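What follows is a single structure, written as structure tokens, with notes after it.
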Amino acid sequence: MTQLRASRCQDTNTDSLRALIYAGAFPAIIMGIILLAITPVYETPDDVGMTMRAFGFGTFAEGSPYLIYSHYALGMVIRRLAGILGVSAYGWHTYLAILAASILSNYALLRLLLDRRSLTVTASLNMLILSPVCARPQFTIVAGMLAISAGLLMLSCHLKRPEARLASILILVVALAAGFYGYLIRPYSFYMICLVAAAGTLLTEPFVWSSRTKRILMIFLLFALGSWGLSTLEAMSYSSDPRWLEFTRARWARKSFYGYNRVRYSPGYQEAFAKVRWTENDLLMIKDWFFMHQPTYRAETLESLLREFPIHRQLPANLPTIYRTATMLLRNHYLFIGLLALILLILAMPPPARWRILLLSSVSMAVFAGIHLLGRFPFFRIYFPNLILLLYCSAIGYIHSFSSNAEKPAFFTSNPNSLLLLLCALALSQTGLVLHQNLRNSARVLAVRADVLLLDPRPDQLFVVWGNALPLEWAFPPLVKDNPIRKMKLFGLSATSDTPYSMKRLFEFQIQDLIQALYQRQDVFLIARDIEVDKMLPTFIREHYGISTRPVLHFAGRTFTTYRLLPAD
2 MTQLRASRCQ DTNTDSLRAL IYAGAFPAII MGIILLAITP VYETPDDVGM
52 TMRAFGFGTF AEGSPYLIYS HYALGMVIRR LAGILGVSAY GWHTYLAILA
102 ASILSNYALL RLLLDRRSLT VTASLNMLIL SPVCARPQFT IVAGMLAISA
152 GLLMLSCHLK RPEARLASIL ILVVALAAGF YGYLIRPYSF YMICLVAAAG
202 TLLTEPFVWS SRTKRILMIF LLFALGSWGL STLEAMSYSS DPRWLEFTRA
252 RWARKSFYGY NRVRYSPGYQ EAFAKVRWTE NDLLMIKDWF FMHQPTYRAE
302 TLESLLREFP IHRQLPANLP TIYRTATMLL RNHYLFIGLL ALILLILAMP
352 PPARWRILLL SSVSMAVFAG IHLLGRFPFF RIYFPNLILL LYCSAIGYIH
402 SFSSNAEKPA FFTSNPNSLL LLLCALALSQ TGLVLHQNLR NSARVLAVRA
452 DVLLLDPRPD QLFVVWGNAL PLEWAFPPLV KDNPIRKMKL FGLSATSDTP
502 YSMKRLFEFQ IQDLIQALYQ RQDVFLIARD IEVDKMLPTF IREHYGISTR
552 PVLHFAGRTF TTYRLLPAD
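Just so we're aligned, residue 2 is where the sequence shown starts under my numbering, counting upward by one.
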């Protein structure tokens, strides 16, 4: 009996080791192909700001773990890590987190059943998920992937308990570590995914209201409530830090930007404003001008100022409607292909599990759609982590039906290879689409680098960036080594999260009023688009400072243009 038990444990350990090897090989190969074929860029300017914040370059005068990172502990770790091979620590951290989350999620799937069927499904899921995530990483998606991997590990233990108690403890510790890592990257994404995973525990086959089901359900709920409570306590502790007060005040002021209703500006300014078709980022950038150009402004004054802005005429739909949300969901190719793969996996599941996963998909999509409709998160980063969770839950339900005595699938029974072929076709199309849409990234990154080298900025020159005139996503990619733009003194006036914290850059140049410095000093230059310089800035300075100015071209590159503002003759 003892020998039989030892032999069974040895076989289990061998299968676990093989599952771990396959779980790590798939994402490593796919990530290697993507990173070698294209130059990845960040999905949002928030990641760009965190890249610059790590070592104090770009729009930051010094490195700091505060203000930009979702959790200061993560900022402290990245701040103390030196770049490897000339690449910033934040770039390495991002891709290591993606790799770790993928390995753990794959292991949770493969430990249930290790055969040709499960390996094909796992490889297809990795291609569907990792292709867009590696090409355009975003920290909310990375946090969601880590939270999902933690939940999937515990869910796999619920479906197939390890033979050794030590293995159960080890899996639980790894799941907790992955969950905490995801919490450090983005607390909100973590506890929302945990709530969905709690529902997934009830809706994944087998559905038995056992003590084990109750335990794992309580773990997910405690994860969600604990992370929410911890983030609330940390926010309360931050309130004593003046830098955090400045951060929250700036964010509150940005949110109050949507409270405008009337127009009280002079006719000349309104006329210049009406001639320009502004994007939402440009409009947020205008708010930053008022926040920065006059130090006497306070949040209360800023709020009343923003309420009078004539923005509502140019933003007919500030919050997306349900129809627009559904349309965006179908038009996003990455999400659409992922939804097709999800439908295939749902059809391949046994009937009881199929209806439960359909219910889970409907409820979770409705919850995240509600969050999106309320304006809490942008579109792609809120839906894609949820899609990853649904894909893995469906795959677990499909694989578990073959590894147990559960009811077998009704679809693809006569020819099970058809499902695998369809999944592989979708995965290859996803990877091909990502490569096709991002092949020009390398040329764009090299173009920005060439412009910076041609400009040859000096340390005593300050470059003020208006809005999105400088393509920061191309200027600060995650895995480009020895980036020359790091040495460029930038002051960002844009819609990015880093805007309010480059004031120290002005103090280095002994500048009290940025607007006056733009047309009075020889060492201050403006990075802007032609339409902004021709229509907006001269009118703004004339009506607020009483000075007529004219833009003079200083440098015209392929990716950005710099100007000097001189008093008009």
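For glycine and all other residues, C-beta sits at the position ideal for the given N, C-alpha and C.
Small disclaimer: the values here were computed from a predicted structure and weren't measured.
Between the C-alpha atoms of L97 and L147 there is a straight-line separation of about 11 Å.
In this structure, the alpha-carbon of R543 lies about 30 Å from that of P460. Here I338 is not near Q462, since their CB atoms are 8 Å or more apart.
A straight-line Cα-Cα distance of about 21 Å links V465 and G547. Taking the Cα positions, L345 is about 24 Å away from K161.
A Cβ-Cβ contact shorter than 8 Å links Q139 with D48. The beta carbons of A448 and R559 sit about 5 Å from each other, so the pair counts as a contact at 8 Å.
For P133, the uninterrupted alpha helix (DSSP H) segment begins and ends at R117 to A136. Membership of A569 in any beta strand (DSSP E) is not indicated, and neither H nor E is assigned to it by DSSP. For L100, the enclosing alpha helix (DSSP H) begins and ends at A90 to L111. Excluding residues up to 5 positions away in sequence, L434 lie with their Cβ nearer than 7 Å to the Cβ of H334 in the same chain. Here V553 is bridged, per DSSP, to R565.
Between L392 and L343, the beta carbon gap of about 6 Å places them in contact (Cβ cut-off 8 Å). P478 and Y43 have their C-alpha atoms roughly 6 Å apart. Under DSSP, G433 shares a beta bridge with no residue. About 4 Å separates the CB atoms of R382 and T141; that is less than 8 Å, so the two are in contact.
In the structure shown, I528 adopts extended strand secondary structure according to DSSP, grouped into three states. Rounded to whole angstroms, the Cβ separation of V175 and L105 is 7 Å, and the two are in contact under 8 Å. Per DSSP, V453 is one residue of the alpha helix (DSSP H) stretching across N442 to L456.
W475 counts as buried, since no fewer than 16 other beta carbons sit within 10 angstroms of its beta carbon.
In the assembly as shown, W467 is a buried residue. Its beta-carbon has 16 or more other beta-carbons within 10 Å. Taking the C-beta atoms as reference points, P539 is found no nearer than 8 Å to R522. Going by DSSP, L173 is part of the alpha helix (DSSP H) stretching over R166 to I186. Annotated three-state conformation of G50 is helix, per DSSP. A Cβ-Cβ separation of about 17 Å leaves A396 out of contact with L21 under the 8 Å criterion. For L473, no beta strand (DSSP E) segment is defined; the enclosing uninterrupted segment is the alpha helix (DSSP H) at L473 to A476. Counting other Cβ atoms within 10 Å of its Cβ, V481 reaches 16 or more and is therefore classed as buried.
Under the 10 Å beta carbon count, H437 is surrounded by fewer than 16 other beta carbons and is classified as exposed. The shortest CA-to-CA distance from L171 to any of L154, M350 and F181 is the one to L154. In this chain, the alpha helix (DSSP H) harbouring F337 covers H334 to L348.
Of the candidates G180, Y520 and N418, the residue whose Cα lies closest to the Cα of R118 is N418. DSSP, reduced to helix, strand and coil, places L463 within a strand of the structure shown. The residue from F492, L527 and L429 with its alpha-carbon nearest to that of L129 is L429. Spanning the alpha carbons of T40 and N442 requires a straight line of approximately 6 Å. Rounded to whole angstroms, A557 and A529 show a C-alpha spacing of 11 Å.
The continuous alpha helix (DSSP H) containing Q521 extends over residues L515 to Q521.
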